[in-house]
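Protein chains in written order, with my numbering: chain A, 6 to 355; chain B, 6 to 355.
Beta carbons are placed, not taken as given, at the ideal position from N, Cα and C, and that holds for glycine.
These notes concern the structure reproduced below.
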DNA sequence: AGCCTCACCTATATCGTTACAAATTTTCCG
DNA sequence: CGGAAAATTTGTAACGATATAGGTGAGGCT
């Protein structure tokens, strides 16, 4: 019994394709509807597209029949004919997949795509190929009608390429390119600024911030917000050296543990990510330093995680699901036709 | 400047389609190669498919030209003609997307699909529609060549439907159906059993386990492993009432906080998920109970998260990335043709 | 030479849809 | 009622790939 085989080639199980009369169970096509209504295939197509040239009652009749037999247009045929793919590609950077960063966005994106004809395809970008490759590939081979990607760089090649080719896209993060382009971003400047102010207000006198890798635009935003705050307040500060938010969590913790063991240890920590915030807490714990007394922490929260973490850390929330939802909506709008650029730019406030 | 509009309809920017001679930048098709080599389109197609009827040097020549001009087959055309979609659908239950459960699997799946012609499409299943709907839809409308889904139930309808229709799929979790079917599962029995044994060995005398919702098969496995261990050891035990691993994390914590405040509070906790494990730790903390002394905890770990959590909790690892990778590989194998069922069943050991 | 086989290549039809141009019917008006 | 205009509907040809059946020529055999 357990030796039975699964499957077989037998695609399209030999339905009687003798006459045009397709079996009741065969997949309904426009032709099926045409036969049922006595109309031409073209007419059916136009009727379903709600073309004004088709008489209203014809349209309704066709619509009814289509609904009755459960007609759904064949995506491959539509795609072949129109060039539209009905696909949105999310290009995922493996680094950002830690702790649900990607998941939140995917949730938002699927919510935006809900009820539309669009599908979400995950296109990973493997670290051994240049960042721009998947984007170029999707664009050149029309694998999707629109692209979503994240973690922009100041002179982001992907943005350049897509803008030059007028290809619909949206990215999470801004650039410093001369050309305006669509984006959804979080106010990381504001985050770092407010985080620093909070720490200082709570009594911290030497702040440390862990930044993302320098190549990302949001690293600059974070630094800038941080620097502005510490300069305004005239407190000591430093920027983590040798580790970034992308570093392995153990490396971050080791770094922090070392740094917290030194006499001039910072007493206020700003983390742009949840993993690094946990590393701060772990290091403090391992040094028997008390949170909110010996060391203070402000973390960026992107999930419900920190509600369960003790001792409670101060956090500032970034809503990535909302970001995903926005990106999806804006991208669909853009795909639908020309849109003034400022309607495609959203900055989520702190 | 900021008023410039983006985009426009202009799909297929009016390339000179006057002669058959397609412009150098136009998308190469089989026809392009046919013209370049002086062969017929059919021959080119067969040559690229490495058909033995085509002379070896012709095949090589075609291959060379194809590579030179960067030919890639049009997926829509292939799909229309062959019925094959080159798509794998991952049906995502929103509940499981907490804390990277989905992300890990997606990582594994994309790794399995790497280098193949397959794309990964995320198909969310919204909670207001029956669980089986997306699966039925994908199958009936041939939206994918194979389906991946998770969190099976003992009499899982999806499994039944797909098996009856001989449609390639793989699921994360087993069922109690009479028919053998493909799956990748984790030994949750073993997990709960070992977790209980560990707690007892460490001195716990009253164990509490938080289970997933009853309808999932793995809830039964966990309970069974748990019950076997506590009966073997003859210790007190209870199963969390009113909350499951799917409950809101705050609800889990509230429940645990209440329970820990009662005189007969359990002193050993087993959590099948990271969120609930954090809730245990938070509740203990809020009651000023010391971990590994007043209360003990064994959690299932599916990410690097717990390496950063203090105090260190005991965990047992479940590798979801590996599960995703396995599922991808098995599904591809199954799509390729008949495979003995036992080659499509994997149980990840504790 | 006549016929056959083998190795290789090609023509045609088709998947389901839609753009385009053309044909048909209906409506309207003098 | 004739005829033009408007309102509908229809036929044909693609989109790019592949399955199927058919064709061509070189060489061997009698």
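First and last residue of the alpha helix (DSSP H) that includes residue i?
i, result
"residue 304/A", "First-last for residue 304/A: 301-306, but that is the beta strand (DSSP E), not the alpha helix (DSSP H)."
"residue 85/A", "80-87"
"residue 213/B", "Residue 213/B -> not in any alpha helix (DSSP H); beta strand (DSSP E) instead, spanning 211-215."
"residue 51/A", "46-53"
Thinking C-beta only, is residue j closer than 8 Å to residue i?
i, j, result
"residue 91/B", "residue 122/B", "yes"
"residue 244/A", "residue 258/A", "no"
"residue 230/B", "residue 198/B", "yes"
"residue 109/A", "residue 153/A", "no"
"residue 151/A", "residue 223/A", "no"
"residue 168/B", "residue 157/B", "no"
"residue 248/B", "residue 211/B", "no"
"residue 49/B", "residue 60/B", "no"
"residue 126/A", "residue 149/A", "yes"
"residue 337/A", "residue 189/A", "no"
"residue 113/B", "residue 329/B", "yes"
"residue 296/A", "residue 289/A", "yes"
"residue 186/A", "residue 164/A", "yes"
"residue 62/A", "residue 155/A", "no"
"residue 277/A", "residue 215/A", "yes"
"residue 279/B", "residue 306/B", "yes"
"residue 117/A", "residue 334/A", "yes"
"residue 341/B", "residue 254/A", "no"
Any beta carbon of chain B sitting closer than 8 Å to that of residue i?
i, result
"residue 66/A", "no"
"residue 286/A", "yes"
"residue 255/A", "yes"
"residue 297/A", "no"
"residue 16/A", "Unreliable placement is indicated for residue 16/A, whose pLDDT of 32 sits below 50; the coordinate value is still reported in the next sentence. It does: the Cβ of residue 16/A has a partner Cβ on chain B nearer than 8 Å."
"residue 258/A", "yes"
"residue 34/A", "no"
"residue 146/A", "yes"
"residue 161/A", "no"
"residue 107/A", "yes"
"residue 300/A", "no"
"residue 111/A", "yes"
"residue 47/A", "no"
"residue 44/A", "no"
"residue 337/A", "no"
"residue 53/A", "no"
"residue 41/A", "no"
"residue 248/A", "no"
"residue 280/A", "yes"
"residue 200/A", "no"
"residue 182/A", "no"
Chain A beta carbons: is any one of them nearer than 8 Å to that of residue i?
i, result
"residue 132/B", "no"
"residue 309/B", "yes"
"residue 399/B", "In the structure as shown, chain B starts at 6 and stops at 355, and residue 399/B therefore has no counterpart that could be examined."
"residue 351/B", "no"
"residue 129/B", "yes"
"residue 155/B", "no"
"residue 121/B", "no"
"residue 263/B", "no"
"residue 126/B", "yes"
"residue 290/B", "yes"
"residue 313/B", "yes"
"residue 115/B", "yes"
"residue 166/B", "no"
"residue 276/B", "no"
"residue 82/B", "yes"
"residue 283/B", "yes"
What span of residues does the beta strand (DSSP E) with residue i cover, start to end?
i, result
"residue 65/A", "It is not in any beta strand (DSSP E) - residue 65/A instead sits in the alpha helix (DSSP H) that spans 61-74."
"residue 95/B", "92-97"
"residue 352/B", "350-353"
Can you list, in chain order, the stretches of the alpha helix (DSSP H) that have 4 or more residues and sit fully within the stretch 111-198 of chain B?
137-145, 162-169
If contact is defined by three or more beta carbon pairs under 8 Å, each pair taking one atom from either stretch, is the stretch 75-88 of chain B in contact with the stretch 73-82 of chain A?
yes
What ranges does the beta strand (DSSP E) occupy inside the stretch 230-283 of chain A, keeping only unbroken runs of at least 3 residues that lie completely in it?
241-244, 273-276
Counting pairs of Cβ atoms below 8 Å between the stretch 266-282 of chain A and the stretch 194-211 of chain A, do you hit three or more?
Short answer: they touch.
If we count Cβ pairs, one from each stretch, closer than 8 Å, do we get three or more for the stretch 130-149 of chain B versus the stretch 345-353 of chain B?
no
At 3 residues or longer, and completely inside the stretch 301-341 of chain A: list those beta strand (DSSP E) runs for me, N to C.
Within the stretch 301-341 of chain A, the beta strand (DSSP E) runs of at least 3 residues that lie entirely inside it are, in chain order, 301-306, 319-322.
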